[in-house]
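Residue numbers for the sequence shown, in our numbering: 48 to 185. Reviewing the structure listed below.
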Amino acid sequence: MKMISIITLGVREIQKAAEFYEALGFDRSEKSDDNIVWFRTGSTVLGLYLWDALADDVGMPPGGSGFRGITLALNMSSKNDVDNMIERVRSLGAFIIKEPQDVFWGGYSSYFRDVDGHLWEVAWNPFTEVDEEGRLSL
């Protein structure tokens with residue numbers, strides 16, 4: 048089976064969004080330009096593209112709000128790493144949807160909304176391992 052190669056997020060302001068992700072430690076690709084920003088994230092690339100332009104590319108109207116049926120996740124190596132990341136995103140202006148807490152499946156999790164409203168989970172899962180490069184083994 049093929050791996051997911053690119054996740055593209057529609058953003059309202061490219062530079063503001065790029066600065067947010069760079070401050071989280073994402074590595075911007077030199078192939079980025081004024082219209083799209085690429086971040087290397089291991090085997091997957093995260094792209095930031097203007098919201099209306101992405102909607103136009105898909106062929107859908109750009110409107111809509113609320114829960115969009117998708118979350119992205121950063122898996123951490125410990126509960127402390129989850130807490131530290133949430134404090135980091137909070138300091139960058141992200142809105143914390145759910146404060147870090149023990150969850151029903153045995154892990155520790157929190158959710159935040161980035162500067163463009165995308166939902167991210169920051170989690171520690173005691174049943175998996177995260178390597179030094181942030182890759183999750185399931």
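Every residue, glycine too, gets a C-beta built ideally from N, C-alpha and C.
| message | Tell me the rounded alpha-carbon separation between M107 and T118. | response | 20 Å
| query | Below 7 Å between beta carbons: does that hold for K126 and W85? | reply | no
| query | On the three-state DSSP scale, how would you describe K63? | reply | helix
| request: Determine the DSSP secondary structure at K145, reduced to helix, strand or coil. | output: strand
| How close, in whole Å, do the beta carbons of L56 and L97 come, if the pair is a contact with beta carbons under 8 Å? | 10 Å between Cβ atoms; not a contact.
| field | the stretch 175-182 contacting the stretch 138-145, beta-carbon criterion three pairs below 8 Å | value | no
| Between F159 and W152, is the Cβ-Cβ spacing less than 7 Å? | no
| request: Tell me whether V169 is buried or exposed, calling it buried when 16 or more other Cβ atoms sit within 10 Å of its Cβ. | output: buried
| message | Beta-carbon within less than 7 Å of F73's beta-carbon, same chain only, minus the 5 sequence neighbours each way: which residues are those? | response | F86, T88, L93
| query | Considering W167, what are the terminal residues of the beta strand (DSSP E) in which it resides? | reply | 166-171
| query | Of the residues D104, S124, V162, E69, which one's Cα is nearest the Cα of R182? | reply | S124
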